[in-house]
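Everything below concerns the one structure shown next.
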Amino acid sequence: MKRVFYLDGQTVPFTSGQNVLEAAIAAGMARQIPYFCYHPALGSLGACRQCAVKIYPHDDKHPPRVTMACLLPASDNLQLATVDKEVHTEHREIIELLMLNHPLDCPVCDEGGQCHLQDMTVQTGHAVRRYSGPKRTYHDQDLGPLVYQEMNRCITCYRCVRFYQDTAQGDDFGVFGSRDRVYFGRLEDGPLESPFSGNLVEVCPTGVFTDKVFRHDYARVWDLQQGPSVCPHCAVGCNTMPGARLGTLRRVRARHHPEINPHFLCDRGRYGFRYVTAAERPVQARLHGARSRQDVVLRQVAMRLQEGRSGFLGSPREDVQSNLALFALADCLHAPFAALSSPWMEALAQQCMALPQAPTLSDVETADHLIVMGDLGGVAPMAELAVRQALRNGAQLTVLASQPTPLAEAGDYRPTRPSALPDLITGLAEDVCLQGSRRPVILAAAETLGPAGVHALRKTLARLPANARAGVFQNSPNLFGAAYFAVDGHTARLQHALRQRQIDHLLCLAADPLGSDWGAGTWRSLVPGLQGATVLDMVDTDTVRAAEAVLPTAAFPERDGFFINYEGRIQAFAQVYRREAPVLHPQENVNSFPAAAGGQMHPLGPPTPQYWLGRLAELLDIVKPWQERLAFYQHFLCPISPHPDSPGVLLDDALRARFEIAAAPAAAPVGTEDWELDLFHWYGGETLADAAAELQSLAPARGLRVSADISAPFATLSGPCGRLRLPVIPIVGMVAGVVALDQEGFAELGLYPGEAVQIQWEVAS
Amino acid sequence: MSAYRSFVQLGLGLWTTLRQIGRGASTISYPEEALKLPPRWRGRPALTRDPDGDERCVACQLCSAVCPTRCIELQAGEREDERRYPVSFRINFSRCIYCGFCEEACPTLAIQLLDEFAFSTEHHQDFIYEKEALLIDGTGKHPHYNFYRHAGVALHDKDKGQGSNESPPVNGRSNLP
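Printed below as a string of structure tokens:
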């Protein structure tokens, strides 16, 4: 039976556990009850006293009374009213009280137009200020490059503290003072340390916390072109809502996805979008480093391809269709193709693909026993947020890592060498604790586990009860999409062909084989055989700078496509805007203003990779076979194309099952005396997000992270592909015998996490 | 009966005409003679300055939002002291209908309608007025108002608590009752 209560005579359906306000909002009746401190993710507090309703008891003994809707559990046949004199007085006077000290600076406030306080004030009808006394003021703090504070606008709803301390479990932001001087901020000025600090902007119902990046290039929210998109900065695939104006991207906000990110977004997802507007972004076709006309560059590339000595390299950073289009073109030309830049990465992708269905982040939140391996928060911050929600719900957390990560501090930290992880994972199958729990979940950073670790994880899962689930995370958005092509050792074949001088030209799609991609060291050693490379990319990488021809591609909010996230969910993103040159300096643009209708005011932005590859197919006279192959692969891989507004569809199990036959990868043996490598990953670090200046200003210093008993100032590492001299950063609590390095370092050395490395320590003079 | 009434009406009409003979002409020979316009005449909008001589516009975009013909386009920017100003501000006067909504919406009294209403050019594109053409040197109809003296934000010459009707900043760390 449908359970209902009555609000102003209208029936409101509810489910058990809901409060009256929650049910009223869900039923679309939020206009009758104004509120501030309630937030669907943060729950009820009853601090603002705004959401008053009148309750009529069913007996004759009690008179009707005014109560707070957010604290009133919904129950059957409850009789409530808001069209009532007392309720109106309460609504009106509370909002007047909250507005007493409000600075009324809406014209210069970034929240204007999307302000909850503005909406509620208008809704309640408070229009005339009666109090003429002096207003309370505060000094503001500098909270770093991402969040801007203006404390005068505060209405003390406590949403920020509840988010920052309770949900995100950050400890450098809080509430101070007493009386009417309550202050929300840090103890001292300085950047917020939490990887989720940007959510303060969305959580705050007024303009106390606003987006500092958006502030410098501001547009009102009603002027923004917005559309459904998917975050391209890690494998979680959070749903986002980018906003653009005048052909430039201005901000990114979270978009509701019930199973991945219902409300929040990490700072990499929120502020990493600045790669789109970076000055270094390639936006014009280049030949030999100089800007050139599109058709000139295309003809040159087509000539190269016609020679038949080309290899094709895709990328997990690009979407499904672009990789498919590249694969189809390689197929038509019978050229070697690889989607991943190293055999190690290929094996890892295969093993990830073979894992059984991963839990969604909402499943992680309801887990009761969690095992986290590696620096999960550094690779996929939103997965860390889900783990923290499980911790709040009383879950037990074990962290197996070589570094004391923020998550390790919140749980049971077991210092572990990366090479010991596969054996430890095998041992988990006999773990009584894990077998006895109701919903055990194992989460890991894919690269820390390595192919051998993920393989061991799959074997362990098969021996654990069916309720045990596991997910591995990587920081590229489309590892699963690229993994389709990772079946037959393609990368090794491509590298072999280059080494044997069978090919001398490489067509790279968003791959950075000469820069920071995994296995870049090997590629660099093959450069002498390379006569030239063509790169299709949207950020400035080492490969783009070294390439013979550069074909710039549209950024993700500038086109349609699909990503496949860590759980094998195919999610579509839509084109949000068309890139144009910014109109910031009208004097420069005034001459190009169209004299008649139909004129093009600004040069349009870069086209999609499919467009470039289609043009190349045209020049090579293979349009028809290319299109046929493309259609065939697309039909095979994603027969149903999900709509950008839909929650996405999961990959077919049959498609994933074929990866289970992949050979068990062997991990390189590491002696106990050897120095062992582990991956250090900063939460804002990712190839695209690396071009976001504001976010990167928070990046930690580059260096070699070792346990605190090493006192050498510098160390030189040597690997099979090169040497690297780095400053040493001692970390308290790190496992002895392990050094943590960033991905660029691995690329330079030609090594992988869990492998042994030669280190020479420089003695302090 | 009806013929009599018609004659009376005719006579009255003639009397109305004759009454005006002594008065001068109420039309003027525009454009040779200038029009005397009432102060609230709605001509073309301009951007005014505050009494301190700084531009009043804070680029809040309310004028462009309220404009029924969408002829206003602006981009906000920030000065070093975080004071907002329009980096570009353009009005397309070939679309403007002089409704005055922008003036009504402007919270800082920056955009004000002047008495200029007849202006012509040879090309449509010359009707697109940029900020340099729109910004005038005076305060317009409101000589004393300065938005930033009332709004609670800090500027280079005004700290928190120094605005009108503001008490000095409180110590947010104090636990005293």
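The listed protein sequences correspond, in order, to chains E and A. Using this note's numbering, you'd call the opening residue of the first sequence number 1 and step up by one each time. Using this note's numbering, you'd call the opening residue of the second sequence number 1001 and step up by one each time. In this text, a Cβ means the ideal position worked out from N, Cα and C, and glycines have one as well. Nothing here was measured: the structure is a model prediction, and the numbers come from that model.
{"query": "Beta-carbon neighbours of residue 216(E), restricted to chain A and to distances below 7 Å", "result": "1078"}
{"query": "Beta carbon of residue 143(E) nearer than 8 Å to that of residue 195(E)", "result": "no"}
{"query": "Sequence-distant residues of the same chain with beta carbon closer than 6 Å to residue 1094(A), five excluded per side", "result": "1124, 1127"}
{"query": "C-beta neighbour in chain A for residue 172(E), strict 8 Å", "result": "no"}
{"query": "Where residue 136(E) sits in the DSSP three-state scheme", "result": "strand"}
{"query": "Residue range of the alpha helix (DSSP H) that includes residue 623(E)", "result": "623-637"}
{"query": "Residue 74(E) beta carbon less than 8 Å from that of residue 53(E)", "result": "no"}
{"query": "Any alpha helix (DSSP H) of 4 or more consecutive residues that is wholly inside the stretch 679-716 of chain E", "result": "693-696"}
{"query": "CA-to-CA distance, residue 685(E) to residue 1087(A), given in whole angstroms", "result": "33 Å"}
{"query": "Given 8 Å, three or more beta-carbon pairs between the stretch 561-580 of chain E and the stretch 217-230 of chain E", "result": "yes"}
{"query": "Extent of the continuous beta strand (DSSP E) run through residue 54(E)", "result": "52-56"}
{"query": "Of the residues 1158(A), 1053(A), 1084(A), 1155(A), the one placed nearest residue 1135(A), counting alpha carbons only", "result": "1053(A)"}
{"query": "Local conformation of residue 1004(A) per DSSP, three classes", "result": "helix"}
{"query": "Buried/exposed call for residue 353(E), threshold 16 Cβ in 10 Å", "result": "buried"}
{"query": "Length of the line joining the Cα atoms of residue 1050(A) and residue 1072(A)", "result": "21 Å"}
{"query": "Presumed contact (8 Å Cβ cut-off) between residue 400(E) and residue 370(E), rounded CB distance", "result": "In fact, because the Cβ distance is near 11 Å, the residues do not count as touching under 8 Å."}
{"query": "Counted within 10 angstroms of its Cβ, other Cβ atoms place residue 1170(A) as buried (16 or more) or exposed", "result": "buried"}
{"query": "Closer than 8 Å to chain A by CB, residue 598(E)", "result": "Residue placement at residue 598(E) is flagged as unreliable, the pLDDT there being 37, under the threshold of 50; a coordinate-derived value is accordingly withheld."}
{"query": "Option nearest residue 1(E) by Cα separation, candidates 77(E), 60(E), 56(E), 176(E)", "result": "77(E)"}
{"query": "Residues of the stretch 243-254 of chain E whose Cβ lies closer than 9 Å to any Cβ of chain A, in chain order", "result": "245, 246"}
{"query": "Residue 1101(A) beta carbon less than 8 Å from that of residue 1066(A)", "result": "yes"}
{"query": "Residue ranges of each beta strand (DSSP E) within the stretch 53-132 of chain E, 3 or longer", "result": "65-68, 79-81"}
{"query": "Enclosing alpha helix (DSSP H) for residue 322(E) [first to last residue]", "result": "320-333"}
{"query": "8 Å Cβ cutoff, residue 762(E) in contact with chain A", "result": "no"}
{"query": "C-alpha gap between residue 731(E) and residue 1176(A), whole angstroms", "result": "40 Å"}
{"query": "Residue burial classification, residue 754(E) (beta-carbon count within 10 angstroms, cutoff 16)", "result": "buried"}
{"query": "Test: residue 1049(A) CB closer than 8 Å to a CB of chain E", "result": "no"}
{"query": "Chain E contact residues for residue 1061(A), given Cβ-Cβ distances below 7 Å", "result": "220, 223"}
{"query": "Per DSSP, the bridge partner or partners of residue 464(E)", "result": "DSSP output for residue 464(E) lists no bridge partner at all."}
{"query": "Nearest-angstrom beta carbon gap, residue 528(E) and residue 461(E) [assumed within contact, 8 Å]", "result": "Actually they do not touch by this definition, with Cβ atoms about 45 Å apart."}
{"query": "Same chain only: Cβ atoms within 7 Å of residue 598(E), ignoring 5 sequence neighbours per side", "result": "Model confidence at residue 598(E) stands at a pLDDT of 37, short of 50, so the residue's coordinates are unreliable; what they give is reported in the following sentence. Nothing meets the Cβ criterion."}
{"query": "Beta-carbon proximity of residue 271(E) to residue 385(E), cut-off 8 Å", "result": "no"}
{"query": "Inter-stretch contact (C-beta, 8 Å, three-pair minimum) for the stretch 315-333 of chain E and the stretch 603-623 of chain E", "result": "yes"}
{"query": "Stretch pair the stretch 104-121 of chain E + the stretch 204-220 of chain E: three plus CB contacts closer than 8 Å", "result": "yes"}
{"query": "Residue 582(E) in three-state terms, based on DSSP", "result": "The predicted model places residue 582(E) with a pLDDT of 44, which falls under 50 and marks its position as unreliable; any figure quoted below should be read in that light. Looking at residue 582(E) - three-state DSSP - the assignment turns out to be coil, as it is neither helix nor strand."}
{"query": "Residues that residue 176(E) contacts on chain A, provided the C-beta gap is smaller than 7 Å", "result": "1172, 1173"}
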